[in-house]
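Engineer: Residue numbers (the numbering used here), protein chains in the order written: chain E, 190 to 443; chain G, 76 to 248; chain F, 19 to 421. Every residue gets a Cβ at the ideal spot worked out from N, C-alpha and C, and that includes glycine.
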Amino acid sequence: MKQSVDNSRRDFLAKTAIAGTITIASGVLLHQTANAKSLNETSTRNPHTPVSNINRWGLLIDTNKCGKSCSACVDACNTENGLAGRTGPQDTQYIRKVTLRDKSTGHELSLPLMCQHCESAPCVDVCPVNASFIRADGIALVDRHLCIGCRYCMMACPYKARSFVHEELHNQKTSDPRGIGTVEACNMCVTRVDAGKIPACVEACSADNHKAMMFGDLNDPESGISVELKKHGGKQIRADLALNTGVHYQGLNE
Amino acid sequence: MKRLLLLIYVLTGLLLVSSSTLAQTPTPTINLPKAKNLKCAIPGPLANQRRNHMKYLLHQRDKTMHEGIRNEPVSLAKCINCHVKPDAQGKLPKIASKQHFCHGCHEYAAVQIDCFECHADRPQKYIKRKQALSLKQMLQQHLASNDIKTPDIIKTGDIIKTPVSKNQQGVNQ
Amino acid sequence: MSKIEYTSLQGKSPAYFVLLGVLGLFTFTGILAAWYMEHNGHHVTGMTNQIVWGTPHIFAIFLIVAASGALNVASIASVFSKKIYEPMARLSALLAIALLAGGLVVLLLDLGRPDRLIVAMTHYNFTSVFAWNIILYSGFFTFCGLYLWTMMDHNVHQYKKYAGFSAFVWRLILTTGTGSIFGFLVARSAYETAIMAPMFVIMSFSYGLAIFILVLMATYKASQMELGDVVILRLRNLLGVFVAAVLYFTFVYHLTNIYDADRRDFERFILLDGGIYTTVFWIGDIIIGGLIPLLLIYLPSIKKNRTVLGWICGMIILGGLSQVYVIVIGGQAFPLEIFPGYDVSSSFYDGIVNSYTPSLPEILLGSSGIAITLLIVVFMLKVLRFMPNSLADNVIDPHYSVK
């Protein structure tokens, strides 16, 4: 009887030790994978199932890391989406580099500006035909099958994020259908996101070693972007409008 | 009465003209590149594909656009990938060309296709694209063509770094 | 008041057909311009990604606003029971329908995809002010049509009062909706203010009445029917009140903006250093469209001068177009305040005043809205009986005595 008790105790100790080892080891392993994994979190959704609001895709841009005269994100965007990259007043720009100078301090900084993928987007509110919409996972899109080209969304957007296609296009890319008479904007590289990749601008920024842009799931508290936002904070542009944008910035004055 | 007679004449004339064209009914020319060992994703007989392809596409269109459902059997991109191929001379037909798969039937049926004002009308793999100019190059060209003095921000400041180079990935700052 | 007999235009004179032809030609060139714009894309216009609404919108908004104002005369007759206006109610409702039609045609033909009109009718977003307006426009046609029917068909005459009242309420809602297209835009300093809605209502009173007086005087002169001073002086006085009210609302709108430190830069732009916008505001909107007409209306010595009244109406119309120009184009030309507290520059024209030069097709399309309106009026005047065969003083008011 006693023997068996001792045995069970020994058993218990041994099992505890093993369990502990496994716990610690797996912890270490998890930690390592977390470190090894890029800070960018990507979609793991099976593309045969619909998107859901489990995710909310967003971007975090650190203006301190953004190269003042670098346009890697803009160039990558143009290449990815088949944009000509012209900068005339009638030309489309999904993403643009903006140079800011603080009026009171004279401090200069630079940042990429694109569709902010608002939760309460003015473009969605004003669109008469429901062509502007926010996908369940937070990506703002224009359904060009419905868009009648009234440009009311362009009047309503506080970020001037949208462009109107002023002429007939040829050689569009399969991944970004776009055409005459309709409105378009940054779509957070939705086909790439659905394929489990990160947006082209983010990829280019980190390939260019600035690492000023981060992509991830704002709804996942463990994601790189959420952790970073919690740790160092971030600002939404025109936060006063309470649009709850999906794009956040660091290094901007309040 | 005179008018009535005139009407009858005109109608008879029209009937004659139309019946003479009816005798030589035009048939649509379909340029159908043979996809080897591949079956069309739209099920059933050819008639189903011909009559109902738009319904399949429309169904998939909304699913893709709004729900992000991709890689399903039927999609416009897949139609194009199988059915639009370079001809013997290696020329890839655009939608405006009679050689394009969609063109023949749609012209015959007088149904305007809206798809290709936005969507690619040719498989991407055959299209060679020039590397887009960088924004700065564009800006400089634009400024030069409009005879505007280059602003300091573009002149100074280090030259834009190489767009995307794989070998730089993984290097820590 | 003696019983009013209505008549239609004879419409057999060469002048009538020349007028129809000229209006038809303008309409045709407008539609040709729209086809050209649609075929080539909007790059043949002066509109850009910065100035997204241009000349067609100026004309369209002006006409749509004026449409609801043109119904004034009818409303005063039926809702406020002022008998003197009653004989002109039919013409008033007709003009309202025609103005709205002219404005809408321009607005629709300017769309990037006018071929998708069916989409606009089948997909409906209930949060969109634009979409509300689609309902408001169709409702306005319906109510004005019903109102006309009750006025012109004796079998349904007893419903005239109700139809008139519904049309009156509806047109107030309609112009509130038009003003709210701008008033609800949070993004831009020029807009996002509740005063837009009542300001548009007042603007509609003024523009609509000015157009109505012009049409009334022109048709009566052309058809050699009598149009007495009683009617004209009433309308003239009313016009003066409306012009003053528009000036008042314009004043309050700008004063509110000046008081708000956020919008002071925008006001400086419009009122002081905005180049063409400042010029058009002061010369076009305030002086030609407001002060001079006001002065002339209340100058006793030229009270009965019809030519001067014609000029006054013309100036109010010009002033109205200037006002809509400053609101629509000026509001977009001023840079969007994306980063308050920063000076900004970019390849996408951030932080700079945007320029806009309208192209010929745009102007042709925009102005064809006026031609379409007049074409409808001139045609309908011949088809149905809209005009009392006399608006002489003794017909309007038997107790009238020349003062």
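Quick check: the Cα distance between T222/E and S364/E, rounded to an integer number of angstroms?
Structural biologist: Interpretation of T222/E is limited by its pLDDT of 42, a score under 50 that renders its predicted location unreliable; the figure taken from the coordinates is listed afterwards. Each residue's Cα considered, the two are about 31 Å apart.
Engineer: Given that F148/F touches chain E, what residues does it touch there, using C-beta distances under 7 Å?
Structural biologist: The answer, in chain order, is V315, P317, C339 and Y341.
Engineer: By the three-class DSSP mapping on this structure, what secondary structure does K100/F have?
Structural biologist: Note: K100/F maps to coil in three-state DSSP.
Engineer: Evaluate contact between the stretch 402-409 of chain F and the stretch 59-78 of chain F, counting only Cβ atoms and requiring at least three cross-stretch pairs below 8 Å.
Structural biologist: No, the stretch 402-409 of chain F is not in contact with the stretch 59-78 of chain F.
Engineer: Would you mind sorting D291/F into buried or exposed? The rule is 16 or more other CB atoms within 10 Å of its CB.
Structural biologist: D291/F should be labelled exposed.
Engineer: Hey, could you find the ends of the beta strand (DSSP E) R245/E is sitting in?
Structural biologist: From DSSP, R245/E is part of no beta strand (DSSP E); its letter is neither H nor E.
Engineer: Among the candidates G72/F, V147/F and F161/F, whose CA atom is the shortest distance from the CA of L112/F?
Structural biologist: Nearest of G72/F, V147/F and F161/F to L112/F, Cα basis: F161/F.
Engineer: Check distances from the C-beta atoms of the stretch 349-362 of chain E to those of chain G and list, in chain order, the residues that come in under 7 Å.
Structural biologist: For the stretch 349-362 of chain E, which is checked against every Cβ of chain G, the residues closer than 7 Å are N360, Q361 and K362.
Engineer: Does the stretch 288-301 of chain E come close enough to the stretch 351-368 of chain F to have 3 or more Cβ pairs within less than 8 Å?
Structural biologist: Counting Cβ pairs under 8 Å, three or more are found: they touch.
Engineer: Is any beta-carbon of chain E found at less than 7 Å from that of H194/G?
Structural biologist: Yes, H194/G lies at the interface with chain E (some Cβ there is under 7 Å from its Cβ).
Engineer: Step through the CB atoms of chain F and report whether any lies within less than 7 Å of the CB of T238/E.
Structural biologist: Judged by the 7 Å Cβ criterion, T238/E is not in contact with chain F.
Engineer: Just how far apart, CA to CA, sit S309/E and V315/E?
Structural biologist: Approximately 11 Å, taken between the alpha carbons.
Engineer: From V259/F to G337/F, what distance separates their C-alpha atoms?
Structural biologist: When rounded, the distance between both Cα atoms is 16 Å.
Engineer: Based on the DSSP secondary-structure assignment, which residues constitute the bridge partners of S364/F?
Structural biologist: According to DSSP, S364/F bridges with V287/E.
Engineer: Which same chain residues end up closer than 7 Å to C115/G when comparing Cβ atoms and leaving out the 5 residues on each side of it in sequence?
Structural biologist: Here the set comprises Q124.
Engineer: Output the boundary residues of the alpha helix (DSSP H) element that contains A52/F.
Structural biologist: Start and end: P32 to N58.
Engineer: Since I believe N229/E is in contact with M403/E (beta carbons under 8 Å), could you give me their beta-carbon distance rounded to a whole number of angstroms?
Structural biologist: Contact holds; Cβ gap of about 6 Å.
Engineer: Return the bridge partner residues of V326/F from the DSSP annotation.
Structural biologist: According to DSSP, which records beta bridges pairwise, V326/F is partnered with nothing at all.
Engineer: Answer with buried or exposed for I288/F, where buried requires no fewer than 16 other C-beta atoms within 10 angstroms of its C-beta.
Structural biologist: It counts as buried.
Engineer: Closest Cβ-Cβ distance between G368/E and chain G: below 7 Å?
Structural biologist: At least one chain G Cβ lies under 7 Å of G368/E.
Engineer: Do you know offhand how far L125/F's Cα is from A119/F's?
Structural biologist: Cα-Cα distance, rounded: 10 Å.
Engineer: On the DSSP bridge list, what partners appear for G448/E?
Structural biologist: A query on residue 448/E cannot be resolved here, the shown segment of chain E reaching from 190 to 443 and no further.
Engineer: Indicate the three-state DSSP secondary structure (helix, strand or coil) for F353/E in the structure shown.
Structural biologist: Reduced to three states, the DSSP call for F353/E is strand.
Engineer: Express the C-alpha separation of M235/F and L109/F in angstroms, rounding to a whole number.
Structural biologist: For L109/F and M235/F, the distance between alpha carbons rounds to 12 Å.
Engineer: So I337/E packs on A85/F, CB below 8 Å; how close in whole Å?
Structural biologist: Actually they do not touch by this definition, with Cβ atoms about 22 Å apart.
Engineer: If we cut at 7 Å on Cβ distances, does R427/E have a partner in chain G?
Structural biologist: Not closer than 7 Å to any Cβ of chain G, the Cβ of R427/E fails to qualify, so no.
Engineer: At the level of alpha carbons, what is the spacing between Q28/F and E104/F?
Structural biologist: When rounded, the distance between both Cα atoms is 23 Å.
Engineer: By DSSP, does Y24/F sit in helix, in strand, or in coil?
Structural biologist: The answer is strand: DSSP assigns Y24/F an E or B state.
Engineer: Would you kindly report the start and end of the unbroken beta strand (DSSP E) that includes V436/E?
Structural biologist: Note, V436/E: beta strand (DSSP E), V436 to Q439.
Engineer: Should the stretch 278-288 of chain F be called in touch with the stretch 205-221 of chain F, which here means at least 3 C-beta pairs below 8 Å?
Structural biologist: With a cut-off of 8 Å, the stretch 205-221 of chain F and the stretch 278-288 of chain F count as touching, because enough Cβ pairs lie within range.
Engineer: Are the stretch 128-136 of chain F and the stretch 85-99 of chain F touching by the rule of at least three beta carbon pairs closer than 8 Å?
Structural biologist: The stretch 128-136 of chain F is not in contact with the stretch 85-99 of chain F.
Engineer: Please list, in chain order, all residues of the same chain as S260/E whose beta carbon is under 7 Å from its beta carbon, the five residues on each side excluded.
Structural biologist: Result list for S260/E: K286, in chain order.
Engineer: Could you tell me the alpha carbon to alpha carbon distance between S385/F and P74/F, rounded to whole angstroms?
Structural biologist: If I take the Cα positions, the gap works out to 8 Å.
Engineer: Please report how far the alpha carbon of L327/F lies from the alpha carbon of Y84/G, in whole angstroms.
Structural biologist: So the alpha carbons of these two residues sit roughly 59 Å apart.
Engineer: Name the DSSP beta bridge partners of L300/E, please?
Structural biologist: Answer by DSSP bridge pairing, in chain order: V287/E.
Engineer: Does chain F have any CB closer than 7 Å to the CB of P347/E?
Structural biologist: With 7 Å as the cut-off, P347/E counts as an interface residue toward chain F.
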